[in-house]
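Protein chains: 2
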Amino acid sequence: MTRTRQAVLALLQRTRQPISATEIFEQLHQEKVAIDLVTVYRTVHVLKELGLVLQLDLHQEGLARYELKEGREHHHHIRCQICGQIEDLLLCPLKKVTKLIEQRTQFIVDDHTLEFTGLCPQCQ
Amino acid sequence: MTRTRQAVLALLQRTRQPISATEIFEQLHQEKVAIDLVTVYRTVHVLKELGLVLQLDLHQEGLARYELKEGREHHHHIRCQICGQIEDLLLCPLKKVTKLIEQRTQFIVDDHTLEFTGLCPQCQ
DNA sequence: ATGTTATTTGCAATAAACTTGCAATAAGGA
DNA sequence: TCCTTATTGCAAGTTTATTGCAAATAACAT
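Going down the list, the sequences are from chains A and B.
Going by this note's numbering, the first sequence opens with residue 25, and the numbers climb by one from there.
Going by this note's numbering, the second sequence opens with residue 25, and the numbers climb by one from there.
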């Protein structure tokens, strides 16, 4: 854990929304932390492997976002189509459905992604 | 509707799995249909706007896939992590949850994406 | 502390998926 | 047919992410 990686991790800790590699890069530069974009990519990769960070690929965004996994429970997201705001949904209705799918398809289900899009209160 | 667009649409009709732009390009070239990759992108864009085609951005694939919307009911997908096979799930457990989310978040929910990943029977 | 080794970083170059500009061609209508 | 509009192909550009490699940094034993 170098101080470069600490800086990325600390940023993820204090950011409430899932954040992209470019945003991490720009935010750290604003805070006078010199870091290369490549290093950001490599760092989030390492943090992912360590199980500290989750990668999200939200529908039609065309880029990856990262959020802290540490100490957070399984959840999903809703994104505003206008302003791009992303909010956590602290629920998951898929436990029963997963069993049904395993029976129907004979797959062993490993993971799922669920995302809602719509209009946030401000953008309606 | 030109014959180039017909060719793309016809391919989508006879393909059972969601297919990427590059795959459309390669498949049509194998069938001796001369088409530029750019035209494939523009065609699926048009077909999307016409409501004939749906775009899927499956988790961690890093590319878009397209499937026919015409005459198909709302459904979701499960993808094998090993072989990449994609199967339809003709179910959707999210109607009630959507209402709950609208109440909780004050968003107006417009759409959702749901995808499962796991191991298909062949790859287990 | 010093040297030795392994890891991490930055820079440049590359890859992959998609988009845009523009001229050439094809389609549709008066 | 002539004119207008839409579609296509080619080349070049964008964006996001990855790779190679040398330099800098960290880890560690002596």
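Backbone N, C-alpha and C define an ideal beta-carbon position, used for all residues, glycine too.
In terms of Cβ geometry, A:R103 and A:E139 form a close pair [threshold 8 Å]. Within the segment 109-145 of chain B, the complete alpha helix (DSSP H) segments at least 4 residues long are 119-129, listed from N- to C-terminus.
In the DSSP assignment, A:I48 is bridged to no other residue. Nearest CB-CB separation between A:C144 and chain B: below the 8 Å threshold. With three or more CB-CB distances shorter than 8 Å, the segment 123-137 of chain B counts as touching the segment 95-109 of chain A.
Just so you know, the alpha carbons of B:I59 and B:L92 end up roughly 20 Å apart.
Annotation for A:H100: no alpha helix (DSSP H) segment contains it, though the beta strand (DSSP E) segment containing it runs H100 to C104. The beta carbons of A:I48 and A:V64 sit about 5 Å from each other, so the pair counts as a contact at 8 Å. When A:K56, A:T46 and A:V77 are compared, the shortest CA-CA separation from A:V62 is found for A:T46. B:Q79 sits in a strand when the DSSP states are folded into three classes. Against chain B, a Cβ distance below 9 Å from A:P117 picks out P117, L118, K120, V121 and L124. Scanning chain A for C-beta atoms nearer than 8 Å to the C-beta of B:I132 yields G142, L143 and Q148, reported in chain order. Residue pairing for B:E97: DSSP places it in no beta bridge. In this structure, the beta-carbon distance from B:F131 to A:G142 falls below 8 Å. For A:R38, the enclosing alpha helix (DSSP H) has its first and last residue at R27 to R38. Using a Cβ-Cβ cut-off of 7 Å, B:E139 is close to H136 and T137 of chain A, given in chain order. One thing to note: A:L35 has its Cβ no nearer than 8 Å to the Cβ of A:L71. In the structure shown, A:L92 adopts extended strand secondary structure according to DSSP, grouped into three states.
Apart from sequence neighbours up to five positions away, the residues of its chain that approach B:E111 with a beta-carbon distance below 6 Å are I102, ordered along the chain.
One finds T129 and F131 in chain B with Cβ atoms closer than 9 Å to the Cβ of A:E111, taken in chain order. Taking 8 Å as the cut-off between beta carbons, none of the residues of the segment 29-59 of chain B comes near chain A. Distance from the CA atom of A:T67 to the CA atom of A:E94, rounded to whole angstroms, is 16 Å.
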